[in-house]
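Here the structure comes first, spelled out in structure tokens, and everything after it is commentary.
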Amino acid sequence: MIPQTPDSYIREQALDPTHSFIVQAPAGSGKTELLTQRLLTLLTQVSQPEQIIAITFTRKAASEMQDRLLRALQTAQSAPRPTTPHAQKTYDLATAVLAQDHAHHWQLLHSPHRLRVLTFDALAGELAQTQPIEAGLGLGMRVTEDPEPLYQAAFTALLAYVNQPEHPAYPHLKTLLLHLQNDAEKLNRLLMPLLEKRDIWLTHLMPYHGAADALRIQLETTLCTTIEDTLIKLYHTLPATLHAPLLAGLVFAANNEHHIENLSVFSHYTATTLPEPTLDYLLHYQILAKMVLTETHQVRKMVDKRCGFPPTAKAEKKAWLDVLQALTDYPECLQQLIQTRLLPQPTYDDETFALVAALLIGLPWLVAELRVVFDAYHEVDFLEMALAALRALGTLETPSDLALQLDRHIQHILVDEFQDTSHGQITLLERLTEGWQIGDGRTLFIVGDPMQSIYRFRNADVGLFLKAQTEGIGPVKLTPLTLSANFRSNATLLTWINHTFAPLFPRAQHMALGAIPFHAAVAMHPFVETAIHITPCHHAEEAARILIERIHTLPPTDTIAILARSREHFTPFVAALKTANIPYHAVDLDPLADCPEIRDVSSLVSVLRNPNDRIAWLALLRSPLCGLSLDSLLRLTEHTPLSLEQAMLHITLPHENEQARLSHVVHAIQAGLAQLRLHPLCLVAEHTWKTLGGEYTLQTPEQQQHLEDFWQLLYSIPSDAPPDTWKRRLQKLKARAIMTPEVRVSLMTIHKSKGLEFDHVFLPELHRIPRSDTQPILLMHDTLLAPLPDFKEKTLYHWLWAQEQERRQLETTRLLYVAATRARETLHCLFTGVQPESDAPTRSFLQLLGTVWPRAQWTLPPTPATEAITEPSAEPSESVAWRLCTNKLSSVMPIHHPDAASLKQGNDIMWHKVCYSAELGTILHACLARYTTTNQLPTETYVTQHALQLGVPRAERISLWQQLQTMWARVMSDARAHWILHPHPHHQSEYALSAIENGKPVHIILDRTFETHNVRWIIDYKTSQAPLQTLYETYYTQLERYATLWIQAYPQDTVRVGLYNVTTTEWLEWAPVCQQIYQKN
2 MIPQTPDSYI REQALDPTHS FIVQAPAGSG KTELLTQRLL TLLTQVSQPE QIIAITFTRK
62 AASEMQDRLL RALQTAQSAP RPTTPHAQKT YDLATAVLAQ DHAHHWQLLH SPHRLRVLTF
122 DALAGELAQT QPIEAGLGLG MRVTEDPEPL YQAAFTALLA YVNQPEHPAY PHLKTLLLHL
182 QNDAEKLNRL LMPLLEKRDI WLTHLMPYHG AADALRIQLE TTLCTTIEDT LIKLYHTLPA
242 TLHAPLLAGL VFAANNEHHI ENLSVFSHYT ATTLPEPTLD YLLHYQILAK MVLTETHQVR
302 KMVDKRCGFP PTAKAEKKAW LDVLQALTDY PECLQQLIQT RLLPQPTYDD ETFALVAALL
362 IGLPWLVAEL RVVFDAYHEV DFLEMALAAL RALGTLETPS DLALQLDRHI QHILVDEFQD
422 TSHGQITLLE RLTEGWQIGD GRTLFIVGDP MQSIYRFRNA DVGLFLKAQT EGIGPVKLTP
482 LTLSANFRSN ATLLTWINHT FAPLFPRAQH MALGAIPFHA AVAMHPFVET AIHITPCHHA
542 EEAARILIER IHTLPPTDTI AILARSREHF TPFVAALKTA NIPYHAVDLD PLADCPEIRD
602 VSSLVSVLRN PNDRIAWLAL LRSPLCGLSL DSLLRLTEHT PLSLEQAMLH ITLPHENEQA
662 RLSHVVHAIQ AGLAQLRLHP LCLVAEHTWK TLGGEYTLQT PEQQQHLEDF WQLLYSIPSD
722 APPDTWKRRL QKLKARAIMT PEVRVSLMTI HKSKGLEFDH VFLPELHRIP RSDTQPILLM
782 HDTLLAPLPD FKEKTLYHWL WAQEQERRQL ETTRLLYVAA TRARETLHCL FTGVQPESDA
842 PTRSFLQLLG TVWPRAQWTL PPTPATEAIT EPSAEPSESV AWRLCTNKLS SVMPIHHPDA
902 ASLKQGNDIM WHKVCYSAEL GTILHACLAR YTTTNQLPTE TYVTQHALQL GVPRAERISL
962 WQQLQTMWAR VMSDARAHWI LHPHPHHQSE YALSAIENGK PVHIILDRTF ETHNVRWIID
1022 YKTSQAPLQT LYETYYTQLE RYATLWIQAY PQDTVRVGLY NVTTTEWLEW APVCQQIYQK
1082 N
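Each position in the sequence shown, counted from 1, maps to that position plus 1 in my numbering.
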């Protein structure tokens, strides 16, 4: 029986249904059980279960919470009362809920959807779709998990303003591009992350849109206040006993020869105390910081004449070093010295503010283009749905009908994992509770652990937890509670965690930086003999060997987790597990696209998308769906006069079995291509895959799950999406592992392990460091904004970036704490140790732990002289193509098999092209554009490279080059062609034009455009044998549309359009109808 916990009274207090609480629940403290009990308690107080909303962050967590509630009700209905105190509490509360259920006819066990447990995203979607007009969303808007193409489309539309000098955004976009050396790709990379956080910076920028001067005044006022606050904190953290010796040392050094810039400000300083911490003395305090700290922000261990201490001043030098040594006992003071040294000047220089002003105008235009893209594609990202939910609720002054309805209906709100909330989610909670008053019976219950806040990359801000503790949320004041009992880890392990992490966490909280003090937990399980294993290794292979040896010594029923910071850190351990034949689950480590069964089905889809994709064909023929041998593939590809498609039709394979397989695949693809005329790709691909016996190639539940995920992806893609959408989304998916009891080893990143627990945890590769961070184009903190500087030092941007790096370092500590607290029985730390005279790698976990571990624990002993690393020998094995058995072909979906003669004729094989006219036209367009810009004639190398990129078979490239030579000779002898290709004023080839057409963004490419005799010509090339009149009737509407879009952008231009048939050198021109309409207006 579990003894009474040290925080029992706090847990009982948290169930008071009349008060609002914010509960800090450390790892293993039974947070989920407490949340369940709170929800059950509230269900006994309401008349309808829908009056309670429980919010979490993932669909999985929401489902698990609802399942836990239902299990509690089912247990109370049919099982005897348990014996443990906490289980009895849950049982009794569930029994009371069943009584309430019976009294009010809820039927919760038959209608579990009445339990409102949902994610923030789901809640926002419900609110926005309830009031689509007020939310600013069209009907039928989809939420996409892959918004990158939408962001790219918005940026492309924004970039088009560069060619529109009259557009309000033109000068500001030009400023940003010039700042980045006209690197549009870099600007794209820097702006994309800002779209994911637009809710934050829009709040800062929109009130000052068009009022740059007012923004500058506000920013500089905030900057001055921030600088003075920093100086005041430094002044108060400097020990009073050190003020006088610090000042004496500074004055002494200033009056001697030195190399410290601006140290002379102290040469005539006559006061007996340090100056007041105001802006007037910013330079003085920065010089103080510079004299105390090195360039790497470490306390100086020596000073010399360069610092103003000549060799003869031994007493003064000793006194100064004694002061510096004393300062090492005050880490908060040292932190403030670092902050002070990095402080910028209290004003924005004109160049920096010009960038701020450019972003002030450019970013809202980018968001405007994004919303146009949303409307065009009928898709939004999760953030836009959240913003739409806020719009649906109206404003504080004028709440919408929906907000008033929710205010009357919602009685209680619970939020799990509150440490991971973002600013937008806090705003939503504030709006939902803005009408609440003290004593009206409505409550807000928030639970989380700020020591486990590790999702800053998802815009989580742990400082919001601290703010809610002190200020509440909206009108709701929250009573803070802290749990201390730990029901997960044994006492030996938990004591080590408390002892190790207490000095790693900051001593005091800091809301802006997200600094969270450590809260020790009390173990509810007894001590054991050994729970911690710290093992420095000479190399990764040694660490992997030790890991395997220890796994073999652990009880066979115990669960084991191998956790690492990044996916690439698992490589040596995955190899070792495979060599030792130890089965394991890899949770979201392997890309789904790399799974063999997904590569096979991807080849099939690629062939259906583009029957000329030679690589996809070869992969499909080699895959288990066909299983041709390498000899057969070579036979199909070695005949250079024939393309692969022709070879499959005309070459007979020596083995009858393989010929049957090839025929089966060819005809299945033929049938699939025919079906694409009537059915979407997802249906055709799945049917074709089954026709080829794909289901028989799946041998494990994991493979079946992978295919299920692939089909789900393919079915989720809208029919109007770009052709490569499925490939791009596939690259972002990870292969899901099916957790089965017989497989007890799990591999996952630390982020994925959050919320889980295991008997034994291995933390290998503690010495490895993460990838370097990319600096954003705009940094924000509170109301401070700083653009990415050029090459300046000690700017506001650098100061904010230093703070950002400190926040990340604090999160690194929390990430390590999450990893260590997953263990119930033992924790194994494996890493490549460092030499006794070396330091741990910067930004690594080992560097953190090295500050609290004895150095001998993480440095290497000498390598034994007899130690040798031997690689396991392996006999070479022949690669065998795994294929379906012949008898399986008759058991899959029936399909008509043509005879050999009909296959060789190939008259109705849709994927076999007799000529490559479209590819020829594409290459000819590229050659004409190249000629007009560089005056270079087409070469065989240039043409064949383009043909290769377009998927033209090798055998066809020679013929295509010959056709192009004939056409080019005809063009070069035509006077009209010379006039078209002449470098006229403002001439462009393959000119990209973006515009708004019927309220939607469109992008067109003009083959050729230029000005001559005050006329803007728009010319379209054609390569066709059709009569000119037929071409005119076919392409008249297209050219009229091009002219209309041009005139909309440049109404002052006089436009004429022309059709030039490169094949026949025929020409046709006319004045577009839209030109006449504009002239009349």
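Backbone N, C-alpha and C define an ideal beta-carbon position, used for all residues, glycine too.
Predicted model only: the values in this text are computed from it and were never measured.
Which of the three DSSP states is assigned to D1008 in this structure? Strand, per DSSP.
Tell me P788's beta-bridge partners as DSSP assigns them. Beta-bridge pairing links P788 to L779.
Among the candidates V47, F58 and V118, whose CA atom is the shortest distance from the CA of L70? In terms of Cα proximity to L70, the closest of V47, F58 and V118 is V118.
For Q1030, count neighbouring C-beta atoms within 10 Å of its own C-beta (all shown protein chains included) and say buried if the count is 16 or more, exposed if not. Here Q1030 is exposed. Its C-beta has fewer than 16 other C-beta atoms within 10 Å.
Please specify which runs of the alpha helix (DSSP H), each continuous and at least 4 residues long, are wholly inside the region 114 to 158, giving them in chain order. Counting only runs of 4 or more, we get 121 to 131 and 133 to 136.
I'd like to check one pair, I533 with V819: are the Cβ atoms closer than 8 Å? In terms of Cβ geometry, V819 and I533 do not form a close pair [threshold 8 Å].
For N888, which of helix, strand or coil comes out of DSSP? Because N888 sits at a pLDDT of 41, beneath the cut-off of 50, its placement in the model cannot be relied upon, and the following sentence gives the value as read from the coordinates. Here N888 sits in helix by DSSP.
Please check the pair T57 and T120, which I expect to be a contact at CB under 8 Å, by giving their CB distance rounded to whole angstroms. Indeed they touch by this definition, with Cβ atoms about 6 Å apart.
Looking at C-alpha atoms only, which residue of F419, Q412 and P790 is the closest neighbour of I439? When C-alpha distances from I439 are compared across F419, Q412 and P790, the shortest belongs to Q412.
Going straight from the alpha carbon of R551 to that of R143, what length do you get? Straight through space, the alpha carbons of R143 and R551 are spaced by roughly 49 Å.
Would you identify the three-state DSSP class for G425, choosing helix, strand or coil? Residue state, collapsed to three classes: helix.
What number of angstroms, rounded off, separates the C-alpha of P345 from the C-alpha of H782? Taking the straight line from one Cα to the other gives about 14 Å.
Alpha helix (DSSP H) containing Q38: first to last residue? In the DSSP assignment, Q38 falls within the alpha helix (DSSP H) that extends over K32 to L44.
Grab me the residues of T933's own chain with a C-beta within less than 6 Å of its C-beta, minus the 5 sequence neighbours each way, in chain order. Cβ neighbours of T933 beyond the five flanking positions: L982 and S990.
Tell me whether the region 612 to 629 and the region 681 to 696 touch, counting them as touching only if at least three CB pairs, one residue from each stretch, are closer than 8 Å. With a cut-off of 8 Å, the region 681 to 696 and the region 612 to 629 count as touching, because enough Cβ pairs lie within range.
Option in D591, G473, L275 and G449 with minimal Cα separation from L243: Ranking D591, G473, L275 and G449 by Cα distance to L243 puts L275 first.
Need the endpoints of the alpha helix (DSSP H) that R729 sits in, please. Per DSSP, R729 belongs to the alpha helix (DSSP H) from T726 to Q732.
Please list, in chain order, all residues of the same chain as L343 whose beta carbon is under 8 Å from its beta carbon, the five residues on each side excluded. Excluding positions up to five away in sequence, the list reads K795, H799, W800 and A803.
In the DSSP assignment, find the unbroken alpha helix (DSSP H) run with C683 in it and report its ends. Under the DSSP assignment, C683 falls in the alpha helix (DSSP H) whose first and last residues are L682 to T692.
Hey, would you say L748 sits closer than 8 Å to H500, going by beta carbons? No, the pair does not count as a contact, with Cβ atoms beyond the cut-off.
In chain order, which alpha helix (DSSP H) runs of at least 4 residues are fully inside the region 1029 to 1069? Within the region 1029 to 1069, the complete alpha helix (DSSP H) segments at least 4 residues long are 1029 to 1050, listed from N- to C-terminus.
Q1105 classed as buried or exposed, judged by whether at least 16 other C-beta atoms fall within 10 angstroms: No statement about residue 1105 is possible, as the shown extent of the chain runs from 2 to 1082 and does not include it.
Between P311 and N257, is the Cβ-Cβ spacing less than 8 Å? Taking 8 Å as the Cβ cut-off, P311 and N257 qualify as a contacting pair.
Please list the segments of the alpha helix (DSSP H) lying wholly inside the region 951 to 1001, counting only runs of 4 or more residues, in order along the chain. Segments of the alpha helix (DSSP H) lying fully in the region 951 to 1001: 955 to 973 and 976 to 982.
Touching or not, the region 1020 to 1035 and the region 1048 to 1067, by the rule of three or more beta carbon pairs under 8 Å? A contact exists between the region 1020 to 1035 and the region 1048 to 1067.
Neighbourhood of K905 by C-beta, 7 Å cutoff - its chain only, sequence neighbours within 5 removed: Confidence is the limiting factor: at K905 the pLDDT is only 41, short of 50, which leaves the residue's position unreliable and the question unanswerable from this model.
Under the assumption that F267 contacts L251 (Cβ atoms under 8 Å), give the Cβ distance between them as a whole number of angstroms. Between F267 and L251 a beta carbon distance of about 5 Å is seen, short of the 8 Å cut, so the two are scored as contacting.
To which residues of the same chain is L479 closer than 8 Å at the C-beta, ignoring the five residues directly before and after it? In its chain, beyond the 5 residues on either side, S21, F22, I23, L445, I447, A469, Q470 and G473 have a beta carbon closer than 8 Å to the beta carbon of L479.
Looking at the structure shown, is G309 part of a helix, part of a strand, or coil, going by DSSP? Collapsing the DSSP output to three states places G309 in coil.
How is the beta strand (DSSP E) around Q25 delimited, first residue to last? F22 to Q25 is the span of the beta strand (DSSP E), which, as asked, contains Q25.
Kindly indicate which three-state DSSP category P877 falls into: helix, strand or coil? Caution applies to P877, whose pLDDT of 39 falls short of 50 and renders its modelled position unreliable; the value that the coordinates give is listed next. Per DSSP, reduced to three states, the secondary structure at P877 is coil, with no helix or strand assignment.
For K735, name the three-state secondary structure that DSSP assigns. Residue state, collapsed to three classes: strand.
Count the other CB atoms within 10 Å of the CB of D184; is the residue buried (16 or more) or exposed (fewer)? Exposed, because fewer than 16 other Cβ atoms sit within 10 Å of the Cβ of D184.
Taking 8 Å as the threshold (beta carbon to beta carbon), is L109 in contact with chain C? You won't find chain C in this structure, because it holds only one protein chain.
What is the rounded straight-line gap between the Cα of F763 and the Cα of T750? Counting only the Cα atoms, T750 lies some 12 Å from F763.
Can you tell me which residues form a DSSP beta bridge with W1071? Beta-bridge partners of W1071 (DSSP): V1058.
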